[in-house]
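Inspection log for the structure reproduced underneath, given as structure tokens.
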Amino acid sequence: MCSLATKLGPIKMNNPICNASGVYSRTSTELYKMMFSHSGSFITKSSTFNPRTGNPTPSYWENNSISINSMGLPNHGYRYYTDFIEDLDKDEKHCFLSIANIDNDETGNILDYIADKDYIVYPEINVSCPNIPGKEQLAYNYNELDNFLTHVMDEKYNKPYGLKLPPFFDPVHFMFIANIINQHKNIKYLTCVNSVGNVLDVDISTNKGVIFPKNGLGGLGGDYILPVALSNVYQLKQILPNIDIIGCGGIKSGEDVYKHILVGASMVQIGTALNRDGPNIIPRILRELEDIMIEKGYETLDDFKGKYNEMQ
Ligand code: DHB
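For the sequence shown, the residue numbers in the numbering used here are 1264 to 1575.
Right, dumping it as structure tokens:
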């Protein structure tokens, strides 16, 4: 018998699977589909102070292997999601609140509201949205990121939280980001990675991009980003061993979940494959993960979590 149970700080989950923010996360109908699915936890769409309608369509494109999105943060405003979480049965699985920072003052107002709400536990603060025209991905600007963590997060939210990070590509950038994270003790987990920002594909029948916003530039998800995500999970876990990692990127099978956990993830989020094929993929992925564990003689996720470098 093996157990797929996992933990993130105080949050206990029956299994490591969660949706990625943005997928099955925008309306209460979608969120209930996640709640009643076989996932171990679920997460809301990244929310902002005010509701947003998002970018002009088409803002999402997919094929059998990848997706490109520039949704532009369409969401119902943070109170829709905090009220949804407040109404959940406390014994149900955990629902993470995702908050996107597009404006420090607005995020400060959201934090003022949730600071004393016990039902919001371990919110995921998204500092990596690539899809707001004219705005940078906050985590790529180290000074601005540190300013946000110091003057917004540290001052307004005295509880544990996580950061959703964009992918990094050079060892020196991992050192920069880890140094910043080390200075903010309430950061308890990192979600690695958001989509690979500002990619482009072209529809040669029209000579246009496959999505409309930002001249076709959008965030890449799916199969191509699995190695990028694994590298980010691995490198950040090596540099920051006391911080938990949620692996996200390119997962569509039990084997992919196994790889994320092997390089250091405590749990995983699934975006592109979940959006394409729906929550019914979750029991299959869990079965596949269990089959790999049985074949290797592992009984718990801890038996192989983070063990990648020990096997070299
Ligand atoms: C959106 C995309 C992201 O990658 C993200 O982190 C937040 C929002 C979006 O376009 O809606």
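Here a beta-carbon is modelled for each residue, glycine too, at the ideal position from N, C-alpha and C.
Just so we're clear, the structure is a prediction, and the values are computed from it rather than from any experiment.
Proximity of residue i and residue j at Cβ, strictly below 7 angstroms
i	j	result
L1412	H1447	yes
S1300	G1485	no
V1462	L1483	yes
L1374	V1390	no
V1496	G1510	yes
K1515	A1528	no
G1512	V1456	yes
P1430	V1459	yes
P1314	G1340	yes
I1443	D1417	no
L1360	Y1343	no
V1415	N1367	yes
G1425	E1387	yes
beta-carbon residue i near the ligand DHB non-hydrogen atom, thresh 6 angstroms
i	result
N1364	no
S1458	yes
L1336	yes
F1512	Sequence check: residue 1512 is Gly here, not Phe. False, no ligand heavy atom lies under 6 angstroms from that Cβ.
Y1392	Position check: residue 1392 holds Cys in this sequence, whereas Tyr was assumed. C1392: yes, Cβ under 6 angstroms from the ligand DHB.
G1309	Before going further, note that residue 1309 is Ser rather than Gly in the sequence given. Yes, the beta carbon of S1309 sits closer than 6 angstroms to at least one heavy atom of the ligand DHB.
N1207	For residue 1207 there is no data in the structure shown, the boundaries of the chain being 1264 and 1575.
G1482	yes
N1282	no
V1449	What sits at residue 1449 in the sequence shown is Asn, not Val. Flag unset: Cβ of N1449 not near the ligand DHB.
N1326	no
N1389	yes
N- and C-terminal bounds of the alpha helix (DSSP H) containing residue i
i	result
T1345	Y1341 to D1350
S1291	S1291 to M1298
L1537	T1535 to D1540
F1439	P1434 to N1445
N1495	L1489 to I1502
E1369	N1367 to I1377
N1520	Reading the sequence as shown, one finds Val at residue 1520 and not Asn. V1520 -> alpha helix (DSSP H) spans G1517 to L1525.
Beta-carbon contacts of residue i that lie in its chain and below 8 angstroms, excluding the five residues immediately before and after
i	result
M1298	F1305, L1351, E1355, K1356 and C1358
E1407	E1399 and L1401
M1276	A1268, T1269, K1270, G1303, S1304, K1356, H1357 and M1530
K1568	I1524, L1525, G1527, A1528 and S1529
L1503	A1441, I1444, N1445 and L1453
V1595	Nothing can be reported for residue 1595, as the shown portion of the chain is limited to 1264 through 1575.
Presumed contact (8 angstroms Cβ cut-off) between residue i and residue j, rounded CB distance
i	j	result
Y1452	I1508	7 angstroms
E1562	C1265	5 angstroms
F1475	P1319	5 angstroms
P1279	I1524	7 angstroms
L1552	V1526	Not quite, the Cβ-Cβ distance comes to about 15 angstroms (not below 8 angstroms), so this is no contact.
E1582	Y1385	Because the chain is modelled from 1264 through 1575, residue 1582 falls outside the range shown and cannot be assessed.
S1302	I1555	Not confirmed; about 19 angstroms, so no contact.
A1283	I1440	Actually they are not in contact, since the Cβ atoms of A1283 and I1440 sit about 20 angstroms apart, beyond 8 angstroms.
T1454	K1427	4 angstroms
N1543	G1481	At roughly 26 angstroms, the Cβ-Cβ gap does not stay under 8 angstroms, so N1543 and G1481 are not in contact.
G1517	I1557	Actually they do not touch by this definition, with Cβ atoms about 11 angstroms apart.
N- and C-terminal bounds of the beta strand (DSSP E) containing residue i
i	result
Y1452	I1450 to C1455
L1428	Y1424 to L1428
S1304	S1304 to I1306
L1401	From DSSP, L1401 is part of no beta strand (DSSP E); its letter is neither H nor E.
T1269	T1269 to L1271
M1556	No beta strand (DSSP E) contains M1556, which is instead part of the alpha helix (DSSP H) from I1544 to K1559.
E1355	No beta strand (DSSP E) holds E1355; DSSP gives it neither H nor E.
Y1323	Y1323 to E1325
Residues near residue i in its chain [Cβ-Cβ closer than 6 angstroms; skip 5 each side]
i	result
L1564	T1269 and I1524
Q1498	F1437
S1322	S1333, M1334, I1474 and P1476
A1363	S1309, T1311, L1336, N1389 and C1392
Y1571	L1525 and V1526
R1289	K1308
D1540	none
Y1487	I1329
N1538	V1286
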